[in-house]
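The structure under discussion appears below in the form of structure tokens.
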Amino acid sequence: MEKLHAKKCRRVVLVPFPLQGHLNPMLDLANILHSRGFSITIVHTKFNFPNPADHPDFQYVPISDGISNWDISASNLVRLASTINTNCKDSFRKCLIQMMQQQQQEEKQNDQVVCIIYDFLMHFAETVANQMSLPSIIQRTSNAAALLAFCKLPRLRAEGYNCLQDSTSDELVPGLHPLRFKDLPTATMGSLDNFLQLIAVVCNTRTSSAIIWNTTDCLEHSSLTQLQEHYNIPFFTLGPMHKMALAKSSNLVIKDDNNCIEWLEKQAPHSVIYVSLGSIATLDQKELTEMAGGLANSHQPFLWVIRPGLGSGSDAHLPEAFQELTGDRGCIVKWAPQKDVLAHPAVGGFLSHCGWNSTLESISEGVPMICKPYFVDQKMNARYLTHEWGIGIELDEVMQRTDVAKAIRRILVEEEGSRMRQKVTALKEQIKHCIKEGGSSYNSLNELVQFISSF
11 MEKLHAKKCR RVVLVPFPLQ GHLNPMLDLA NILHSRGFSI TIVHTKFNFP
61 NPADHPDFQY VPISDGISNW DISASNLVRL ASTINTNCKD SFRKCLIQMM
111 QQQQQEEKQN DQVVCIIYDF LMHFAETVAN QMSLPSIIQR TSNAAALLAF
161 CKLPRLRAEG YNCLQDSTSD ELVPGLHPLR FKDLPTATMG SLDNFLQLIA
211 VVCNTRTSSA IIWNTTDCLE HSSLTQLQEH YNIPFFTLGP MHKMALAKSS
261 NLVIKDDNNC IEWLEKQAPH SVIYVSLGSI ATLDQKELTE MAGGLANSHQ
311 PFLWVIRPGL GSGSDAHLPE AFQELTGDRG CIVKWAPQKD VLAHPAVGGF
361 LSHCGWNSTL ESISEGVPMI CKPYFVDQKM NARYLTHEWG IGIELDEVMQ
411 RTDVAKAIRR ILVEEEGSRM RQKVTALKEQ IKHCIKEGGS SYNSLNELVQ
461 FISSF
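All letters in the sequence shown, in the order written, are residues 11 to 465 by our numbering.
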């Protein structure tokens with residue numbers, strides 16, 4: 011199937027949730043659609059507003075959110091989503107009205123807003139789109155298995171399961187193999203009632219016309235099939251979006267330290283463990299010390315991202331002897347160009363929080379993972395990495411330096427790591443097939459272009 015483009019220049023409005031793990035795949039989608047001939051407007055909260063200079067081909071429009079400062083943590087993510095949806099509806103409506111009036115005044119018939127694509131947490135956008143008779147499409151930035159699990163939570167509660175009490179149980183969740191109750195995100199998200207209210211909203215497609223997924227059929231065929239039977243609207247699986255996008259998305263609160271690539275050039279193939287826990291997770295002093303001890307005791311080269319705020323508390327610090335113990339064997343940066351790091355032949359493993367973006371990026375480069383999940387979908391992703399795909403090792407919830415060191419050596423040195431590398435390399439090849447011409451993600455993008463062009 012040949013590459014399809016929009017028949018004429020038509021404008022798509024994208025509404026991302028203002029956290030990096032959500033914004034990055036939305037920007038990847040924007041790049042993908044722009045490469046197919048669509049004009050792009052990014053409507054974003056003033057909170058965490060991105061730098062428009064990073065994407066000069068896009069129009070950026072800020073909307074009022076009523077948020078000044080916000081301490082981002084797992085326990086208040088539900089409240090953040092609720093606050094944004096309450097505060098942004100009116101400002102988004104005014105924004106759209108102004109855009110459409112301006113188009114009429116300037117008689118830009120070839121630049122009409124034809125559809126709204128919104129992050130699944132920004133459901134106010136669907137309400138406004140429906141009121142203004144505009145089609146809307148949901149973007150799911152997490153995986154299909156996560157949505158299956160989220161939609162199952164209210165039913166589990168109705169069936170008598172105590173989701174909070176069971177959150178430490180190793181028992182398998184009925185109908186959600188291979189997930190255990192302890193993998194469900196009920197104990198880390200604050201009030202269970204508030205979380206279930208949010209789940210009820212995000213599992214409802216309302217009047218939206220379709221769902222765009224940052225996943226692939228080769229990874230999640232079963233979950234996607236089950237969800238497609240439930241939702242009577244088209245699915246477009248465009249994952250991994252960072253591989254589908256022609257342009258490189260950039261939305262960095264912290265600037266990449268590219269010196270780490272020079273350091274990687276000096277390391278042997280598959281010898282380095284890359285450590286990054288994302289943009290939200292924090293380590294207390296004991297966890298920071300145990301992680302450092304594990305890296306030191308592994309006797310393997312490491313690239314460690316210690317972003318500002320990773321250590322909780324103003325006095326969090328690395329052990330005094332750490333630099334002396336590790337010397338040139340380690341490289342520590344505030345932030346790393348992760349996609350470039352994972353693609354580097356020196357990297358043999360990724361110690362990660364297992365956010366979905368990081369998971370896809372690691373699999374796409376054939377890098378096995380050590381899993382240290384924290385909240386939302388991360389524990390579910392870790393379970394799939396370890397027990398469904400067989401390409402990961404999960405650390406215990408209580409971090410111990412001996413466990414960290416052992417896991418690193420299992421991945422980098424022992425035969426178990428070689429077997430995992432073979433498995434993840436096979437998945438990498440399947441993903442390559444998905445995104446090339448004739449593959450499932452490539453074909454799905456052509457279908458999406460046709461779908462939006464039909465509005």
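Ideal Cβ positions, reconstructed from N, Cα and C, are used throughout, including at glycine. Values in this document were obtained by computation on a predicted structure and should not be read as measured data.
Item	Value
Contacts around A415, its chain only, beta-carbon distance under 6 angstroms, and the 5 residues preceding and following it disregarded	G304, N307, S308
Selected residue, minimal CA-CA separation from Q295, among Q310, E330, L106	E330
Per-residue burial, E136 [other beta carbons within 10 Å of its own, 16 or more giving buried]	buried
Segments of 4+ residues assigned as alpha helix (DSSP H) that fall wholly inside the stretch 396–462	411–422, 425–445
Q149 in three-state terms, based on DSSP	strand
S5 versus M251 - alpha carbon distance	Outside the shown range of the chain, which is 11 to 465, sits residue 5, and nothing can be said about it.
According to DSSP, residues forming a beta bridge with H54	P72
Contact check, K344 vs E371, beta carbons under 8 angstroms	no
Simplified DSSP state of R317, which is helix, strand or coil	coil
Simplified DSSP assignment, three categories, for T338	The sequence given here places Asp at residue 338; Thr does not occur at that position. Helix, per DSSP.
R317, buried or exposed, once every other Cβ within 10 Å from all chains shown has been counted against 16	buried
Pair within 8 angstroms by beta-carbon distance, I283 and I126	no
Backbone CA spacing between A159 and K442 [nearest angstrom]	28 angstroms
R429, buried or exposed, once every other Cβ within 10 Å from all chains shown has been counted against 16	exposed
Rounded straight-line distance, which links the Cα of R190 to that of D180	5 angstroms
Exposure of D38, with buried meaning 16 or more beta-carbon neighbours within 10 Å	buried
Run of the beta strand (DSSP E) containing I222, from where it starts to where it stops	220–223
With 16 other Cβ atoms within 10 Å as the buried cut-off, status of T215	buried
Under the three-state DSSP convention, the category C213 falls into	coil
Three-state secondary structure (DSSP) of R103	helix
Which listed residue (M390, F312, K438, F102) has its alpha carbon closest to that of G359	F312
Start and end residues, alpha helix (DSSP H) containing M142	Element bounds for M142: n/a, residue is neither H nor E.
Pair within 8 angstroms by beta-carbon distance, Y384 and H397	no
Bridge-paired residues (DSSP) for S49	R21
Euclidean distance between Cα positions of I147 and A220	5 angstroms
Rounded separation between L202 and T196 - CA only	7 angstroms
Length of the line joining the Cα atoms of G170 and V351	46 angstroms
Where S286 sits in the DSSP three-state scheme	strand
Cβ pair P347, N269 closer than 8 angstroms	no
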